[in-house]
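Counting with the numbering used here, you get residues 23 to 1012 for the letters of the sequence shown.
Below you'll find the structure, written out as structure tokens, and then a few comments.
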Amino acid sequence: MCRLTSVGVLLCSILLGAIAQKHSQHSDNPSTYNIGGVLLNPESEAHFRTTIAHLNFDQQYVPRKVTYYDKTIQMDKNPIKTVFNVCDKLIEKRVYAVVVSHEQTSGDLSPAAVSYTSGFYQIPVIGISSRDAAFSDKNIHVSFLRTVPPYYHQADVWLEIMFHFGYTKVIIIHSSDTDGRAILGRFQTTSQTNYDDIDVRATVELIVEFEPKLDSFTEHLIDMKTAQSRVYLLYASTEDAQVIFRDAGLYNMTDAGHAWIVTEQALYANNTPVGVLGLVLEHANSDKGHIRDSVYVLASAIKEMMSNETITEAPKDCGDSGVNWESGKRLFQYLKTRNITGETGQVAFDDNGDRIYAGYDVINIREKQEKHVVGKFYYDVDKAKMRLRINDSDILWPGKQKKKPEGIMIPTHLKILTLEEKPFVYTRRLTPDEVACDEDEIPCPIFNATNGSENENCCRGYCIDLLNALSHRINFTFDLALSPDGQFGHYTLRNVSSSSSGAIKSRKEWSGLIGELVNERADMAMPLTINPERAEFIEFSKPFKYQGITILEKKPSRSSTLVSFLQPFSNTLWILVMVSVHVVALVLYLLDRFSPFGRFKLSHVDSHEEKALNLSSAIWFAWGVLLNSGIGEGTPRSFSARVLGMFWAGFAMIIVASYTANLAAFLVLERPKTKLSGINDARLRNTMENLTCATVKGSSVDMYFRRQVELSNMYRTMEANNYDTAEQAIQDVKKGKLMAFIWDSSRLEYEASKDCELVTAGELFGRSGYGIGLQKGSPWTDAVTLAILEFHESGFMEALDKHWIFHGNAQQCELFEKTPNTLGLQNMAGVFILVAAGVAGGVGLIIVEVIYKKHQVKKQKRLEIARHAADKWRGTIEKRKTLRTSLAMQRQYNVGLNANPGTISLAVDKRRYPRLGPRAPEQAWKSDADFLRNRRYLNMTNNKGQVQAQAPPIHASIGGGKMHSPSNLMPPPPPRYSPAYTSDVSHLVV
């Protein structure tokens, strides 16, 4: 009851309205339903009526006011009559579905006629005995459903038996009809989709298809004997199975060591060998059980359909070709979703309307064709899936053996593939003059190649010696060939759609050596690195050599550049030393310049002192102290400058000593072995532009980097640089084009021992081993593994390591590393170039000095010429002036002489005859020009180092105290008296 509240009233009204609407929607559904039956015999018809009658009282399947009625006819072997009977006696009665059965020996034409006729009008048909694959095709049998599984569903049981016994390689023999091909397709598809683990997946080694109604099976048996598998899955009719068993017995293929698993039809051959396993469908001949299950499945579907939608009346007239009964289509969809427990087991259907969850008995043929049940394939209610249970100890195998056959024949001649991988495999091509390979070599043509002489190769190496030892130890012969694509093998993902479910799945397709093993074109391959991706698809022996991944690089060369002598100091330190030299020189100059006791001050007082310290001398002093050269001149005089010089000398001593020690370390001591510290080196994890690293495309190392999430950045960078072969990468490392090559440690250690310029960096990572690859389920796996373990214990593998990998070169490289280096021209060439640069600089500077001096001399000569011209001009002017003065005095004198008689002396005349009027000035002292000439002369004399021993006295002239120097080169000017005066005065004496 709804509560009397506003919300309750609202909810009640909505609920009651919905119920009323639903009731009104489905109130038009029919209350009576006719169910047709095309049955085998009157007994089946009677059981069908009884089942319908009991159904009407089962409220679990039949709602109230609903009644089911039966409309049956008997199956006619003539399909045309069957069609008319269906139209006249069933469709005319408006049947909603038809249940059909037939005799197994009468063929499926009559059931097919019922299916075609009813399907045309969308009337569902439920078969209880038809098991042919053709009824699964919904393009033809659009509304056919069956409570028995088709024959090809036995492939599901086959796979469970393969898994139970551990058989992974089989031969399938089937007829070329629809059912034979359907069972092959079902087996292959289910094997790939439901068995992901390749270790337990059954693979088809050989498919033998034959035409029905055989006369002989001998030709096919010849191919089967050459195969490895000894497990045969047979789908054939009873008649064809008799022929196959007859011929197989003639070839002893039904004796011990063989296993036969057959379908129901072949199991009933009258010559089925002892030990054959077969399948028999439970309740296969129980028509009553299947009639009941089909009627109840139909009632369950109609009940659910009535509750969900309206069912319209079924078609009535076969003559109306335009009838399209939509309710029939919907009813067929409801039927496919049924899952009930009936008398024949769990009844359910797949998308094709085929019965699933059908149970089988596993039958073992004993003597006298006795069929003994040794297992069951049944539905597990708890786990809601089918399970297989077999009593292994109760099985009698072919040859009356109680032990399970191995299921495979171990071949003694193997096809083995390899490729060149030093030092494990060396290959060379035969020259035109050679006929065969050497004694330590084995012919190894390219696999499946037909190019004549180019295919003639010889192989030797570590793996070849190991292969020879294995062949003698476990007794097999082999043909050796090279990989056709030259690769170890990598996989590519390919999308494949499932035929059963339609889902798209990714499948790995392999190339190289791995692909040849997966596709079973080779029995063995070596050498291969063991990793999880490969182990999923092939078998591996125990490792014959343990190894890891490492990095190969070229050893850093000792610096032999022209500036090797500059390596002890960094560029910054060299710049600081250069700056320090000139700063100290400048400070020395300034201290000596401004110090009161410096030479600059004393040079003006004491003329015998040396010249003052200039800037050039200060720089020379600073460099001389730094380079430990002798200082001949230009040393500082002041105390402050000399204190600075002592500190500078200490600085120079430390710098020179440090430089000498580091130079020895750089040029003589051992060089660093590697540039990289290992895989964890930051330069690899965050690859820089100037650091390139690579590996081989599609190799095990490449797969390792794909798996490691922490190396994803590094892998993305190196992926673009990867090489096709390891040989190309190693050559680029030697040339310096590739800085780091990441590869298997065994190969790289071999290369490092052969070439002392190469070295492996860091510790091993990604440890694994080299093993021998074999096919999945290969019988040789255990034998090869045991032989390799014995070789390890006996020391044979260690002997191979010494002979092929190390070559005794490891000690030689170690000795080379420990020997100190001798300095050569390439180490010290820079020093010699420095001296040559100094010589060239000195020569260049002297040329500049000479050119500059010539320029100065020319300039000095021009100045001297100008000065001489000026002096000459000045002298000419003085002479002219003196002449004019003399002439003027002479005229005055003449005038005075005429007026006053002269005396005997100038003094008397001056006293006696005073001057009249102004006179021209007399020259009492020598002129400035005379003084300049005398001074220049004295200077020139002093510069030449001539010292006057005694300075002559200076006399005063009679002309009024005029000073005369005897050193004067110029004669005194003539007396400015009248020519009448003469030094001879004898005529004047009284």
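Glycine is no exception: its CB is placed at the ideal position from the N, C-alpha and C atoms.
Going by beta carbons, D383 and V302 fall inside the 8 Å limit. By the Cβ-count criterion, Q250 is buried, with 16 or more other Cβ atoms from all chains shown falling within 10 Å of its own Cβ. Annotated as distal: V105 and I57, with beta-carbon spacing of 8 Å or more. Counting the other Cβ atoms within 10 Å of the Cβ of M327 gives 16 or more, which makes it buried.
Under the three-pair Cβ rule at 8 Å, the stretch 144-160 counts as touching the stretch 345-353. For Q368, the enclosing beta strand (DSSP E) has its first and last residue at 367-371. Looking only at G534, T514, M275, L489, the smallest Cα-Cα distance to P506 is reached by G534. In the three-state scheme derived from DSSP, where H, G and I count as helix and E and B as strand, A156 is classed as helix. Rounded to the nearest whole angstrom, the CA to CA distance from H312 to I150 is 6 Å.
Inclusion of V226 and I195 in the CB contact set at 8 Å is not warranted, their separation being larger than that value. D262 is a Cβ neighbour of L236, given a cutoff of 8 Å.
According to DSSP, L885 shares a beta bridge with no other residue. In its chain, beyond the 5 residues on either side, R116 have a beta carbon closer than 6 Å to the beta carbon of K338. Fewer than three Cβ pairs drawn from the stretch 450-470 and the stretch 286-293 lie within less than 8 Å of each other, which leaves the two stretches out of contact. An exposed status is given to G863, since fewer than 16 other beta-carbon atoms sit within 10 Å of its beta-carbon. Each residue's CA atom was taken as its position, placing K530 and M548 some 21 Å apart.
At the C-beta level, W642 and V603 stay beyond 8 Å of one another. In this chain, the beta strand (DSSP E) harbouring Q96 covers 89-96.
Annotation: the continuous alpha helix (DSSP H) that includes F727 extends over 722-729. By the criterion of at least three beta-carbon pairs nearer than 8 Å, the stretch 422-434 is in contact with the stretch 277-285. If only complete runs of 3 or more residues are kept, the stretch 156-190 shows the beta strand (DSSP E) at 166-168, in order along the chain. Rounded to the nearest whole angstrom, the C-alpha separation of D315 and P420 is 39 Å. Cβ-Cβ distances below 7 Å link K697 to E575, P578 in the same chain, with the five nearest sequence neighbours on each side left out; the list follows chain order. For a cut-off of 8 Å, the C-beta gap from D766 to V723 is around 7 Å, short enough to register as a contact. Taken in chain order, the complete beta strand (DSSP E) segments of 3 or more residues contained in the stretch 198-233 are 225-232. DSSP links V253 through a beta bridge to A281. Between the stretch 808-822 and the stretch 782-789, the count of Cβ pairs shorter than 8 Å is below three; the stretches do not touch. Taking one beta carbon from each stretch, the stretch 430-449 and the stretch 536-550 have 3 or more pairs nearer than 8 Å; the two touch. In the DSSP annotation of this structure, the continuous segment of the alpha helix (DSSP H) that includes P133 starts and ends at 131-142.
Minimum Cα-Cα distance from G672 among the listed residues V647, P658, N708 corresponds to V647. Annotation: L588 to A687 spans about 13 Å, alpha carbon to alpha carbon. N107 sits in a helix when the DSSP states are folded into three classes. H163 counts as buried, since no fewer than 16 other beta carbons sit within 10 angstroms of its beta carbon.
For I362, the enclosing beta strand (DSSP E) stretches over residues 361-364. Linking W596 to V609 through their CA atoms gives a straight-line distance of about 20 Å.
Look at the beta carbons and you see the stretch 399-414 not touching the stretch 197-216: under three pairs across the two are nearer than 8 Å.
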